[in-house]
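There are 2 protein chains.
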Amino acid sequence: MTITITAFENSPDRGRGLARDMRVRWALEEVGQPYEVRLLSFKAMKEPAHIELHPFGQIPTYEEGNLALFESGSIVFHIAERHAGLLPDDAGARARAITWMFAALSTIEPPIIERATARFQERDQTWYKQRLSMIDERIRQRLNGLSARLGDADWLDGAFSAGDLLMISVLLRLRESGMLREYENLSAYVARGEARPAYRRAFEAQLAVFTAASAS
Amino acid sequence: MTITITAFENSPDRGRGLARDMRVRWALEEVGQPYEVRLLSFKAMKEPAHIELHPFGQIPTYEEGNLALFESGSIVFHIAERHAGLLPDDAGARARAITWMFAALSTIEPPIIERATARFQERDQTWYKQRLSMIDERIRQRLNGLSARLGDADWLDGAFSAGDLLMISVLLRLRESGMLREYENLSAYVARGEARPAYRRAFEAQLAVFTAASAS
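Going line by line, the protein sequences match chains A and B.
If you're matching positions, the first sequence starts at 1 in our numbering and goes up one per residue.
If you're matching positions, the second sequence starts at 1001 in our numbering and goes up one per residue.
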């Protein structure tokens, strides 16, 4: 059955691979599953046909036959559960990899998103600098814990897993802040993720969409 | 094998069931699994023995034999995968229930946590009122989508699932804001969750911890 995902017709990150379709593309590349992409304008994302697929009017979605899913974490998990390469076979190691998936999305990502939202919504406010330093303090608390746990290992728990895929995707959103550079092992961890052939293929695919949109 | 979870020795929510051990207690009650609780002081949560279990020094954790997990989402999923009652058997319905688990934790909860953090950290700042209204606007956008999708159904996708368990747990954190009352169907949805016998048992158990701590 054909897998179809949705992505931005014209991504606000200008093809830097930070939109959430990238996680799903990367997962599909890791397990070697072909997929099609339906591109959406900001307007189309809020129309009833898309709200039917995604109640919050966002991307990505995942369609395969009668199955329709949203939430990048859930889609990556669905792919990882059905195809070898993203979750270990051992039950304990599998549960720990899933733990890192949730940690990426519910512990590490929220303050990083809050930072991006503040940069967008509060940039012109008198309080902006003070707020940014409060958020950065919270991000550093989480990164301290993550960096200490990773230590000098290549991946968070044994072999590369869907937990690493989501964690690296989330950390990449911090790169422009310069904060990642404060953590040598986390920078190297992110670079290891970006060097994976599956990551490269996914990155090029989303960049091609942006390049085509800006040429037209 | 004995299941042991961790919880606050003296919960900052004063026994209102908003701490994240409540989700795990509720899941264990739904599937009828007994468990033990190890209570932690704020100091003990930051000590090496606990950081070994939870790299971010938080509660809850879950131990069962050699397996140690953190992240309430991952723990609830682990329980739901091993015992009947929290995930449907049908593969499509199961994937959709897991989607709601991720939606609860990565789409609905983050702005609700941001609100709680602002109330704690920014209450005395000149900008507080303006910030609160920006956050509330974002929360309402998400609640609008959730309320429209729920409609007049009892649960988010067919039978009660781990997705509802997490979503209701997250929505309960909004109650004191009064915002839930703006959505009649979401208020009724949360009340249906609270009326479940498993919820009641979990609630009483966490309340008993707080009552004992404040009496001593």
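The beta-carbon is built from N, C-alpha and C at its ideal position, and this holds for glycine as well.
My understanding is that residue i touches residue j, with C-beta atoms under 8 Å, so please give their C-beta distance in whole angstroms.
| i | j | result |
| --- | --- | --- |
| A/Arg115 | A/Glu122 | Going by Cβ atoms, the distance from A/Arg115 to A/Glu122 rounds to 10 Å, so no, they are not a contact pair. |
| A/Ser147 | A/Trp155 | Actually they do not touch by this definition, with Cβ atoms about 14 Å apart. |
| A/Pro88 | A/Ala159 | 6 Å |
| A/Leu166 | A/Leu86 | That belief does not hold up - the Cβ atoms of A/Leu166 and A/Leu86 are roughly 10 Å apart, past 8 Å. |
| B/Arg1020 | B/Ser1072 | 4 Å |
Report the three-state DSSP secondary structure of residue i (helix, strand or coil).
| i | result |
| --- | --- |
| B/Glu1122 | coil |
| A/Arg38 | strand |
| B/Tyr1199 | helix |
| B/Phe1102 | helix |
| B/Ile1113 | helix |
| A/Ile51 | helix |
| A/Leu18 | coil |
| A/Glu64 | strand |
| A/Phe8 | strand |
| B/Leu1186 | helix |
| A/Ile3 | strand |
| B/Phe1210 | helix |
| B/Leu1146 | helix |
| B/Phe1077 | helix |
| A/Leu69 | strand |
| A/Ile59 | coil |
| A/Leu156 | coil |
| B/Asp1164 | helix |
| B/Gly1085 | coil |
| A/Val24 | helix |
| A/Lys43 | helix |
Name the chain B residues whose beta carbon is nearer than 8 Å to that of residue i?
| i | result |
| --- | --- |
| A/Thr4 | Simply none; closest approach about 15 Å. |
| A/Ala148 | Ile1051 and Pro1055 |
| A/Asn66 | Gly1092 |
| A/Arg142 | Phe1056 |
| A/Gly145 | Ile1051, Pro1055, Phe1056 and Gly1057 |
Using beta-carbon positions only, say whether residue i and residue j come within less than 8 Å of one another.
| i | j | result |
| --- | --- | --- |
| A/Val24 | A/Ile75 | yes |
| A/Gly145 | A/Ile168 | no |
| B/Arg1096 | B/Asp1157 | yes |
| A/Phe70 | B/Thr1117 | no |
| A/Ala198 | A/Trp26 | yes |
| B/Leu1172 | B/Gly1017 | yes |
| B/Ala1213 | B/Asn1010 | yes |
| B/Gly1163 | B/Ala1104 | yes |
| B/Thr1107 | A/Phe77 | no |
| B/Glu1064 | B/Met1001 | yes |
| A/Leu231 | A/Ile112 | Look at the range of chain A in this structure, 1 to 216, and you will see that residue 231 of chain A is not part of it. |
| B/Glu1029 | B/Ala1202 | yes |
| A/Gln33 | A/Ile3 | yes |
Identify the contact partners of residue i in chain A, using a Cβ-Cβ distance below 7 Å as the criterion.
| i | result |
| --- | --- |
| B/Thr986 | With chain B covering only 1001 through 1216, there is no way to say anything about residue 986 of chain B. |
In chain A, which residues lie less than 9 Å from residue i when you measure between Cβ atoms?
| i | result |
| --- | --- |
| B/Glu1109 | Ser106 and Pro110 |
| B/His1078 | Ala95, Ile98 and Thr99 |
| B/Gln1033 | Within 9 Å Cβ-Cβ: nothing; B/Gln1033 doesn't reach chain A, min ~15 Å. |
Strictly below 9 Å CB to CB, what residues from chain B border residue i?
| i | result |
| --- | --- |
| A/Glu168 | According to the sequence as given, residue 168 of chain A is Ile; it is not Glu. Correct list: empty, because the minimum Cβ distance to chain B is about 16 Å. |
Would you mind telling me which residues of chain B sit closer than 7 Å to residue i, beta carbon to beta carbon, in chain order?
| i | result |
| --- | --- |
| A/Ala103 | Glu1071 |
| A/Met134 | Gln1121 |
| A/Trp26 | Those do not exist, as A/Trp26 stays about 17 Å from chain B at its closest Cβ, beyond 7 Å. |
Quick one: list the residues of chain A neighbouring residue i, beta-carbon separation under 8 Å, in chain order.
| i | result |
| --- | --- |
| B/Ile1113 | Pro110 |
| B/Trp1155 | The contacting residues do not exist; B/Trp1155 stays about 14 Å from chain A at best. |
| B/Gln1206 | Residues of chain A passing the Cβ test: none, with the nearest at roughly 20 Å. |
For the structure I just gave you, are there three or more beta carbon pairs, one from the segment 1021-1038 of chain B and one from the segment 1123-1137 of chain B, closer than 8 Å?
A contact is defined here as three or more CB-CB pairs under 8 Å, and the segment 1021-1038 of chain B fails this definition with respect to the segment 1123-1137 of chain B.
Quick one: any contact between the segment 82-93 of chain A and the segment 137-144 of chain A, if contact means 3 or more CB pairs under 8 Å?
Segments in contact, no.
Does the segment 1043-1055 of chain B touch the segment 200-216 of chain A, meaning 3 or more C-beta pairs lie closer than 8 Å?
No: the two stretches stay apart, fewer than three of their Cβ pairs being nearer than 8 Å.
Kindly confirm or deny that the segment 1056-1064 of chain B and the segment 1092-1106 of chain B touch, where touching means at least three C-beta pairs closer than 8 Å.
Result no; under three Cβ-Cβ pairs closer than 8 Å.
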